[in-house]
Amino acid sequence: MVKEIETQRHEATSTRECILVVDDDKAFRVATKTLLEDEGYRVSLAAQGEEALARLRSEEFDLLLSDLVMEQMSGIALLKEVKKAWPELPVIMATGFGSIQTAVEAMRLGAIDYLTKPSNNEELLIKIRRALDGMRKDRELQMLRQELQSTYSFGNMITRSEKMKAVIRQIQQVADTDVNILVQGESGTGKELVARALHFNSKRRANPFVVVNCSAIPENLLESELFGYEKGAFTGATRQRSGRFEEAHTGTLFLDEIGDISLGVQTKLLRVLQEKTFERVGGNNSITVDTRVVVATNRNLEMMTRQGDFREDLFYRLNVFPITLPPLRERIEDIPLLAEHFIQQHADLAQGNVKYVAPNVVSDMMNYSWRGNVRELENLLKRAIIKSTSDTITSIELPTIEHTAPAVSREPAASVNLSTPFKDYLNTIIRDAEEKYLLRMLRLYKGNINQIARLMDVDRKTIYRKMSDYSIDPSAYRD
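Quick note: the sequence shown uses our numbering, first residue 639, plus one each step.
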């Protein structure tokens, strides 16, 4: 397992950057190509500026290394053209004359660095690594900003439910603090989405967000995964490795399924939360980290503490600011919005041909119990998108054993035309589901309005008003 983790980590970080070398000196081109390829880079060559521009138009490069003095097009002229068309491409200029004035001019025009020829190989490699590291950081920061503006901004959290709006308010209150957060909720309710919203709306947003699924890592490997290990700490530990706490330094560490960790790991986790220090497995040196911790679970940690399966002091340390996500069955008004979102998100499964969900299908979904919550909804919609033969999903495979109650034998509300404005469409679907829900409650509780109002958390007047809206006679359901 350790070897597998190491292999995956190596593969994730071994992407080969591509460098374009431009110089009319063939000996310099060939020698530089050999040096860079030995370091693991991909290298393309061009003998003059026009050839370099042609290559840039047809291929993607991570860095341009160009001579300043060339016969057909000078390095300065090439630099100007590159910065017009590819302003983000880092450029290093080389000169055989060591002219400070020319180098300064190149830097003013956008070159990231320069070197003199004949160059020292180590100096050249250092400058290239520095330039590529800067480019990677710029790209990562840009991606983080795009994520912040789209996926994880509060405005794009899909809900019209009052319970979910309360969750969003909690996230807004606590996002920019450093307190520990415990996110609770059934499987599939979106606990990781809450953790990401907390991170990307905090002052740590530009720093790492690291996810660890505690239940997916064998117990004997979880400690080394979280805290790292020293070379020789155990069989297979051929080198020192940092753990997830170090990776999340200055950022956020999200520990999913925290209820599944052993008591031994709980003890070490408690110390990190209290003192912000720990030792790697097999090590003696204390490591200090500034990491915000967000944990999530679908288990009852309070009950686990009473049973001795979870440390009470760790529970109170984690439970500084609990956030509880409602199950999908308690926010059924979000189902039409979520359905529309998932159809757009997974449009490629049907080449973008599926655009709608038939009203009767939405109504069925709103009367389903959703034990798998939002994740189950997404998976069933993906399957329906794949199977659909038109632009509208006309059926969805809802397991019949999962329904919360027998189907109500009453005609559904009138269906709507696909040309109906979305707001009217949504209102019709919600009215249909609301009517069916009220009928089901009347049937289950034999027309007891007091009991139904208490279970629905509304007053009796609301129940009577709703029955009047739908022309329902409660006496028909009493014994």
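Just so you know, even glycine gets a beta-carbon here, dropped at the ideal spot from N, CA and C.
### Message
Check whether the region 960 to 977 and the region 1076 to 1086 touch, using three or more Cβ-Cβ pairs below 8 Å as the test.
### Response
With the cut-off at 8 Å, the region 960 to 977 and the region 1076 to 1086 do not touch.
### Query
residue 822 bridges to which residues according to DSSP?
Answer is 935 and 962, bridged to residue 822.
### Query
Going by beta carbon distance, what residues of the same chain come within less than 7 Å of residue 607, once the five residues before and after it are set aside?
With the chain represented from 639 up to 1117, any question about residue 607 goes unanswered, as that position is not in the structure.
### Message
Please state whether the Cβ-Cβ distance between residue 1031 and residue 984 is less than 7 Å.
### Response
Contact: no.
### Cutoff 8 Å; reference residue 808; Cβ partners in own chain excluding five residues on either side
Excluding residues within five positions, the ones whose Cβ falls inside 8 Å are 959 and 961.
### Task
Report yes or no: do the region 943 to 957 and the region 903 to 913 share at least 3 C-beta pairs separated by less than 8 Å?
With contact defined as three or more Cβ pairs closer than 8 Å, the region 943 to 957 and the region 903 to 913 are in contact.
### residue 890 classed as buried or exposed, judged by whether at least 16 other C-beta atoms fall within 10 angstroms
The residue in question, residue 890, is buried, as its Cβ has 16 or more Cβ neighbours within 10 Å.
### Message
So, for residue 894: in the same chain, excluding its five sequence neighbours on each side, which residues have a beta-carbon less than 6 Å away from its beta-carbon?
### Response
Shown here for residue 894: same chain residues with a beta carbon closer than 6 Å to its own, the five before and five after excluded, namely 851 and 934 in chain order.
### CB of residue 840 within 7 Å of CB of residue 804, strictly
Against a cut-off of 7 Å, the Cβ pair of residue 804 and residue 840 comes out as no contact.
### Task
Quick one: which unbroken alpha helix (DSSP H) runs of 4-plus residues sit fully inside the region 740 to 778? Chain order, please.
Listed in chain order, there is nothing to give.
### Message
Less than 7 Å between the C-beta atoms of residue 892 and residue 849, yes or no?
### Response
Cβ atoms of residue 892 and residue 849: closer than 7 Å.
#### Entry: residue 909 classed as buried or exposed, judged by whether at least 16 other C-beta atoms fall within 10 angstroms
Flag for residue 909 reads exposed.
### Task
Tell me whether residue 1111 is buried or exposed, calling it buried when 16 or more other Cβ atoms sit within 10 Å of its Cβ.
With fewer than 16 other Cβ atoms within 10 Å, it is exposed.
### residue 941, buried or exposed, once every other Cβ within 10 Å from all chains shown has been counted against 16
Taking all protein chains in view, the Cβ of residue 941 is surrounded by fewer than 16 other Cβ atoms within 10 Å, so the residue is classified as exposed.
### Task
Label residue 912 either buried or exposed according to how many other C-beta atoms from any shown protein chain fall within 10 Å of its C-beta, with 16 as the threshold for buried.
With fewer than 16 other Cβ atoms within 10 Å, it is exposed.
### Query
Which of the three DSSP states, helix, strand or coil, is assigned to residue 1106?
Here residue 1106 sits in helix by DSSP.
### Query
Pairing CB atoms from the region 826 to 840 with CB atoms from the region 872 to 884, are three or more of them under 8 Å?
The answer is no - the region 872 to 884 does not touch the region 826 to 840, with fewer than three Cβ pairs under 8 Å.
### Query
In whole angstroms, what is the alpha-carbon distance linking residue 845 and residue 752?
About 30 Å.
### Task
Would you mind reading off the limits of the alpha helix (DSSP H) that contains residue 596?
The structure shown has nothing for residue 596, since the chain only spans 639 to 1117.
### Query
Run through DSSP, which three-state label would residue 894 get?
Under the three-state reduction of DSSP, residue 894 is assigned to strand.
### Task
Note down, one range per segment and in chain order, each alpha helix (DSSP H) of at least 4 residues found wholly within the region 661 to 692.
Correct list: 664 to 676.
### Task
Counting only runs of 3+ residues fully inside the region 847 to 875, write out the beta strand (DSSP E) ranges in chain order.
Taken in chain order, the whole beta strand (DSSP E) runs of length 3 or more contained in the region 847 to 875 are 847 to 851.
### Task
Locate the beta strand (DSSP E) running through residue 927, then write down its first and last residues.
If you look at residue 927, you'll find it isn't in any beta strand (DSSP E); DSSP assigns it neither H nor E.
### Task
May I have the straight-line CA-CA distance separating residue 657 from residue 1020, to the nearest angstrom?
If I take the Cα positions, the gap works out to 41 Å.
### Task
Would you identify the three-state DSSP class for residue 995, choosing helix, strand or coil?
Three-state DSSP puts residue 995 in a strand.
### Message
Looking only at its chain, what residues have a beta carbon closer than 8 Å to the beta carbon of residue 1091, apart from the 5 residues adjacent to it on each side?
### Response
The beta carbon of residue 1091 sits closer than 8 Å to those of 1097, 1098, 1100 and 1101, all from its chain and outside the five residues before and after it, given in chain order.
### Query
If we ignore side chains and look at the alpha-carbon of each, how far apart do residue 1025 and residue 768 end up?
Whole-angstrom Cα-Cα distance: 50 Å.
#### Entry: CA-to-CA distance, residue 1013 to residue 1103, given in whole angstroms
C-alpha of residue 1103 to C-alpha of residue 1013: approximately 34 Å in a straight line.
### Distance CB(residue 861)-CB(residue 821) smaller than 7 Å
In this structure, residue 861 sits away from residue 821, with a CB-CB distance that is not shorter than 7 Å.
### Whether residue 706 touches residue 672 by CB criterion (7 Å)
No, Cβ-Cβ distance for residue 706 and residue 672 is not below 7 Å.
### Query
What residues match up with residue 732 in a beta bridge as DSSP calls it?
Residue 732 is bridged by DSSP to 705 and 753.
### Query
Quick one: what's got a C-beta closer than 8 Å to residue 1087's C-beta in the same chain, skipping five residues either side?
Excluding residues within five positions, the ones whose Cβ falls inside 8 Å are 1098, 1101, 1102 and 1112.
### Span separating the alpha-carbon of residue 757 from that of residue 668
Here the alpha carbon of residue 757 sits roughly 14 Å from the alpha carbon of residue 668.
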